[in-house]
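One structure below.
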Amino acid sequence: MIEDPQPGRRLLLAGAAGALAAGLPQAPLHAQPRSDRPLLFRGATLVTMEDAEGGVRRGDLLVREGRIAAIADRIDANEAEVVAAEGDILIPGLINSHIHLGQAIIRGLSADHTLGQYFQTVVGRYSPKLTAEDLAASDHLGALEQIAAGVTTIFDWSREVLTPAHADAAVDAMRRAGIRAFLGYAIPGAAQGGEAVKADIRRLLAGPLAARDGRVRLALGLRGPDSSPPEETPADFTLAQELGLLHQFHVGTWLYPGRRPRGVAALAAGRLLTARSILVHANELDEDEYRMVADAGAGIVVTPEVEMLMGHGQPATGRVLRGGGRPGLGVDVVTGTGGDMFTQMRMALAAQRLADNLLARQRREPLAAVTLTTRQVLAAATIDAARLLGIEAEVGSLKVGKRADLVLLKGGGPATTPLHDPVGAVVMQAHPGMVDTVLIDGEPIRRDGRFLGRDIAKAASDLQRQAESLMRR
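Residue numbering for the sequence shown is 1 to 473, as defined by full-length UniProt numbering.
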């Protein structure tokens, strides 16, 4: 039996779930709109992310058959449903490039944990105990939380996929939510059942996730050089290359017990880094290693909030840029941080500017200009993240022909009035409460701040029930 680590936690969980359900829309739900009817956003401020300034313009955007069909000052489409968007901001759907979605079931448990305590409690104690039902409830509400905060794509690094039943539950949960997702199936060592995991990965590729361009796609969570013996590391990367799968691995944090200096350089020398390789954190690589990553076409995800809270080291945003790369951003773990990307954008910006200003203070030379702009940070959560995941031809910017993964932020409120700089407003002032409408593949999943065809109150109740069961085990 797992004892409750804090007295009264079950009562707190129950109270939180009740409050959540009370504040969420109850039946009847919004009716699902006709999927074959075009949708026209009229008079919005469009942040397209299609040029160096963010591509800001005012105009109309037409969605038809799941794609952006037109962008112009004025579009006449008599057959379309019109969304009056004057004063609102239309942005590409945000991309959360690294999250452990299965940990929503133990949300907040690591609020006061060090990295070591997180590993002891979450990774060592709770994650191995999750049933397939636990994971289904966690992934479903976790994905809905992301959508509610304007996220349309996630990379879920899932160590909680423990059996084929867990894998099927995760896929089903994300499909029901409607989010675009990469399921990063974590590969353990051979002694921990790695061969069985590899067999299940092949099963998914042959069946449930055979479509490589589906809304939910298979990816891999590798151990990487800091978390696997040197003799086992190449085999994991070789498998990823053989299967042609996107893969992520945690690396470059000084607190990792198995930290291997120059581990990334060794991967590059062995040609194990490719355009499908994504490093997570990478706080303390040698400067030349950032260039090696960029030269290999690989990417780096920064998760600034958790890195600063748990002592990973200075977030690597600036060093990635100096090395020729374009970082993505991720939430990482909601066990100890918030779940929205607006916070991560501000955290990344604040961390880099603090580092730059401390260096300027040390040199007694005031900064002539900032080294990280709001446009670069928004790109890390949209178009650069899409490049990182290899889907920039599909999503990440507002461009005719791309999939219609869009977020409408409600304007006209105190946070965005007056609207002098839309890019700056999205990064510095926007928050999940402004997310009015979310489309994924042109499908309206939220309208007027409410979910369509998804029972959020039931999803919260299901997760609450599974969380209480987990605490009793």
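We put the beta carbon where it would ideally sit given N, CA and C, even for glycine.
Does the beta-carbon of residue i have 16 or more other beta-carbons within 10 angstroms, so that it is buried, or is it exposed?
i, result
"Gly413", "exposed"
"Pro304", "buried"
"Asp384", "buried"
"Asn78", "exposed"
"Arg361", "exposed"
"Glu145", "buried"
"Arg202", "exposed"
"Ala22", "Reliability of the predicted coordinates at Ala22 is poor, the pLDDT of 40 falling under 50, and no value is obtained from them."
"Thr238", "exposed"
"Leu39", "buried"
"Gln352", "buried"
"Gln376", "buried"
"Glu160", "buried"
"Gly244", "exposed"
"Pro28", "For Pro28, the predicted model reports a pLDDT of 37, less than 50, meaning its position is unreliable; a value from the coordinates is still stated below. With fewer than 16 Cβ atoms within 10 Å of its Cβ, Pro28 is classed as exposed."
"Asp236", "buried"
"Pro444", "buried"
"Gly207", "exposed"
"Ala269", "exposed"
"Arg403", "buried"
"Ala460", "buried"
"Ala430", "buried"
"Ala381", "buried"
"Ala348", "buried"
"Ala143", "buried"
"Asp139", "buried"
Based on the DSSP secondary-structure assignment, which residues constitute the bridge partners of residue i?
i, result
"Ile187", "Ile187 is not bridged to any residue."
"Pro92", "Leu406"
"Val251", "His281"
"Thr437", "Leu408"
"Ser158", "Tyr185"
"Thr153", "Ile95, Arg180"
"Val302", "Leu329"
"Phe451", "Arg446"
Could you say which of the options lies nearest to residue i if we only look at CA atoms?
i, options, result
"Ala85", "Gly124, Val123, Thr45", "Thr45"
"His250", "Val171, Ser227, Arg473", "Ser227"
"Tyr118", "Met310, Leu378, Gly55, Val56", "Met310"
"Arg447", "Gln120, Arg465, Val407, Ala165", "Val407"
"Arg175", "Arg454, Ala351, Thr121, Arg465", "Arg454"
"Arg346", "Gly330, Gly336, Leu358, Leu359", "Gly330"
"Gly324", "His166, His312, Gly339, Ile300", "Ile300"
"Gly258", "Arg223, Ala425, Arg322", "Arg223"
"Gly59", "Thr317, Ala52, Val83", "Val83"
"Val280", "Ala355, Gln248, Leu409, Leu267", "Gln248"
"Gly263", "Glu231, Leu321, Val427", "Glu231"
"Ala70", "Gly449, His420, Leu398, Thr416", "Leu398"
"Ile89", "Ala169, Thr416, Pro234", "Thr416"
"Ala298", "Arg353, Thr163, Arg387, Leu39", "Arg387"
"Ala266", "Thr437, Thr233, Pro418, Ser158", "Thr233"
"Ala240", "Val334, Leu205, Val216, Leu255", "Leu205"
"Glu284", "Glu307, Ile278, Gly270, Leu273", "Glu307"
"Thr371", "Ala316, Arg64, Ala210, Gly214", "Ala316"
"Leu162", "Gly178, Glu195, His140", "Glu195"
"Gly449", "Leu367, Gln192, Gly150, Gln429", "Gly150"
"Asp405", "Gly442, Gly390, Gln429, Ala393", "Gly442"
"Arg217", "Leu246, Ala190, Gly193", "Leu246"
"residue 493", "Leu354, Arg271, Ala393, Ala72", "The structure shown has nothing for residue 493, since the chain only spans 1 to 473."
"Glu394", "Arg215, Lys410, Met428, His312", "Arg215"
"Ala190", "Gly178, Pro229, Pro164, Arg37", "Pro229"
Do residue j and residue i come within 9 Å of each other at the CB atom, strictly closer than that value?
i, j, result
"Ala282", "Tyr290", "yes"
"Leu463", "Leu130", "no"
"Ala104", "Val435", "no"
"Glu81", "Gln466", "no"
"Thr153", "Arg125", "no"
"Arg253", "Leu109", "Before going further, note that residue 253 is Thr rather than Arg in the sequence given. No, the pair does not count as a contact, with Cβ atoms beyond the cut-off."
"Ala186", "Leu220", "yes"
"Gly396", "Ile95", "yes"
"Leu101", "Asp156", "yes"
"Pro225", "Arg276", "no"
"Gly87", "Leu419", "yes"
"Ile106", "Thr335", "yes"
"Glu53", "Val423", "yes"
"Ala136", "Ala170", "yes"
"Val438", "Gly93", "yes"
"Leu378", "Met49", "yes"
"Arg326", "Glu287", "no"
Does any residue of chain D bring its CB to less than 9 Å from the CB of residue i?
i, result
"Leu130", "Going by chain labels, chain D is absent from the structure shown, which holds only one protein chain."
### Query
Whole beta strand (DSSP E) runs in the segment 40 to 105 with 3 or more residues, listed along the chain?
56 to 64, 67 to 72, 81 to 84, 89 to 92, 94 to 99
### Task
Write down every uninterrupted run of the beta strand (DSSP E) in the segment 164 to 246 whose length is 3 residues or greater and which is fully enclosed by it, in chain order.
180 to 186, 216 to 222
### Query
For the segment 330 to 366, which segments carrying the beta strand (DSSP E) assignment without a break, of at least 3 residues, lie completely within its bounds, in sequence order?
none
### Query
In the segment 362 to 398, which residue ranges form an unbroken alpha helix (DSSP H) of at least 4 residues, counting only runs that do not cross its ends?
374 to 380, 383 to 388
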